[in-house]
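Each residue of the sequence shown is one higher than the last, beginning at 5 in the numbering used here.
Okay, structure first, notes after.
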Amino acid sequence: MLVVMQADATERQVDDVCGAIRAMGFEPLPMPGAQRTAVGLIGNDGQVDGSHISGMGGVAQVLYVSKPYKQVSREWKPENSVVEVAPGVRFGGPEVPVIAGPCSVENERQIIASAHAVREAGAVALRGGAFKPRSSPYAFQGLGLEGLRLLAKARDETGLAIVTEALDEEGARLVAEYADVVQLGARNMQNFSLLRTIGRLGKPVLLKRGMAATIQEWLLAAEYVLAAGNPHVILCERGVRGFDPATRNIFDVSAVPLVHKLSHLPVVADPSHGVGVRDHVPAMARAAVAAGADGLIIEVHPTPDRALSDGAQSLYPEQFAKLMREVDAIARAIGREIAAPAGTGAGVTG
Ligand code: PEP
Ligand code: MN
């Protein structure tokens, strides 16, 4: 339930509504807006009867949220949320920021070269896993803390924001210390204790869709983070598992407009994991921007044939630079543009 106050409602009237919600056994969440304040009711998992609140002083309207998730829903917050992850790097606004870099941080040379290459092409954030969720325990697991230190070094050299995955609670605290965005991977989308921990950390979160998650399950996972007090959630479509091994996953472009309809949160697209085949990543990235994605996350490696993970889906730096020019043209065709790296004033070059 959401109580929308009149534009001229007094602080006292807002307090009275909060008191009435508490008296019902729930928690009020006042949300001051540009025009007027709304008071959300949290803590209920189903319909509540707020008819007595509609008659209270200063109340314009009582709305019922019809979805199982509430704080992430458009009904709760009609305007788009903009998540700023570093000064000037905003997801959910008119600009479309691009995150790029290797699947994993492998060594200093590799991550620094990747950072320079993707920045040169116009990316505003660097990706790279320090803690890797691998199907096999014998595969490269990431450099851990050393990987985070190398990412911080890459940020110092290039000014790129850092996006990197956390696999568990302890890792999340470390990632929050070193990075600008904590990535929560597909395999952990329903790790509810990790979602709560990340919610309490308050750091921006890139929440990947689980590989067999419905849109509703994905939005409920985001709800865990918001319910724990962190509104800085960016959703990321990365494909769902299909039946055909011709592609790694089925990249669900339709999730972008669908989620925009249901939620105010920004939606980023990851065509690298979505399709999993290098030569098809650019087409899917273009499709995602055309569909309205609020950002892209793309795997790029200086020498993909020698990558320790996901080489087959990683773009060569030249391929990425070409893709950036293409997606910028597409963004402009729909009234947006690819976000420019800080301090350059210009967007995609070349
Ligand atoms: C990744 O970004 O490298 C990754 C492991 O992604 P996902 O969780 O989507 O599989
Ligand atoms: Mn990967």
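Where is the CB? At the ideal position from N, CA and C, for every residue including glycine.
Fair warning: this is a prediction, and the values are worked out from it, not measured in the lab.
Bridge partner(s) assigned by DSSP for G105 = Checking the DSSP bridge columns, you'll see G105 partnered with E303.
message = If contact is defined by three or more beta carbon pairs under 8 Å, each pair taking one atom from either stretch, is the stretch 82-94 in contact with the stretch 52-67?
response = These segments do not touch.
task = Return yes when at least one heavy atom of the ligand PEP lies under 7 Å from the C-beta of G189, else no.
result = Within the cutoff, so yes.
ask   = Just how far apart, CA to CA, sit I202 and A176?
value = As the crow flies, the alpha-carbon of I202 is around 7 Å from that of A176.
ask   = Is the CB-CB distance between V304 and A104 below 8 Å?
value = A contact, by the Cβ cut-off of 8 Å.
task = Less than 8 Å between the CB atoms is what I'm expecting for A226 and V257, so what's the real figure, rounded?
result = Going by Cβ atoms, the distance from A226 to V257 rounds to 19 Å, so no, they are not a contact pair.
ask   = If you follow the alpha helix (DSSP H) that E124 is part of, which residue opens it and which one closes it?
value = Per DSSP, E124 is one residue of the alpha helix (DSSP H) stretching across 112-125.
task = Going by CA-CA distance only, name the one from V122, S108, R340, G243 that's closest to G146.
result = Of the listed residues, the one whose Cα sits closest to G146 is S108.
request  = Following the continuous beta strand (DSSP E) through K212, name the residue where it begins and the one where it ends.
outcome  = Note, K212: beta strand (DSSP E), 209-212.
query = For the ligand SAM, any of its heavy atoms closer than 7 Å to the Cβ of P137?
reply = Ligands in the displayed structure: the ligand PEP and the ligand MN; the ligand SAM is not one of them.
inquiry  = Could you check if D358 belongs to the surroundings of the ligand MN, using beta carbon to heavy atom distance under 7 Å?
reply    = Here the chain has residues from 5 to 354 only, and residue 358 is not among them.
task = Give the C-beta separation of M328 and G126 to the nearest angstrom, bearing in mind that I take them to be a contact with Cβ-Cβ under 8 Å.
result = Right, their Cβ atoms sit about 5 Å apart.
request  = Name the two residues that bound the continuous beta strand (DSSP E) containing G44.
outcome  = For G44, the enclosing beta strand (DSSP E) covers residues 42-46.
message = Output needed for F135: all residues of its chain with C-beta closer than 7 Å, excluding positions within five of it in sequence on either side, in chain order.
response = Within the same chain, F135 has close Cβ partners G146, G148, E169, A170, L171, G175.
query = Closest to D160 by CA distance: which of L130, H264, R26 is it?
reply = Of the candidates L130, H264, R26, the one whose C-alpha sits nearest the C-alpha of D160 is L130.
task = Reducing DSSP to helix, strand and coil, say where E83 ends up.
result = The three-state reading of DSSP puts E83 in coil, since its state is none of H, G, I, E or B.
inquiry  = Beta-carbon within less than 6 Å of A13's beta-carbon, same chain only, minus the 5 sequence neighbours each way: which residues are those?
reply    = Cβ-Cβ distances below 6 Å link A13 to G62 in the same chain, with the five nearest sequence neighbours on each side left out; the list follows chain order.
query = Within the chosen definition, does the stretch 91-98 reach the stretch 243-261 through at least 3 CB pairs nearer than 8 Å?
reply = The answer is no - the stretch 243-261 does not touch the stretch 91-98, with fewer than three Cβ pairs under 8 Å.
message = Within the continuous alpha helix (DSSP H) that includes F196, where are the two ends?
response = Its alpha helix (DSSP H) spans residues 196-205.
ask   = Can you find a heavy atom of the ligand MN that lies under 7 Å from the Cβ of E303?
value = E303 Cβ: within cutoff of the ligand MN.
message = Please tell me whether R191 and Y228 are closer than 8 Å, where the distance is taken between their beta carbons.
response = No, they are not a contact pair.
task = Hey, could you find the ends of the alpha helix (DSSP H) P34 is sitting in?
result = From DSSP, P34 is part of no alpha helix (DSSP H) but of the beta strand (DSSP E) over 31-35.
task = Going by CA-CA distance only, name the one from V128, I342, V8 that's closest to Q65.
result = Comparing alpha carbon positions, the residue from V128, I342, V8 closest to Q65 is V8.
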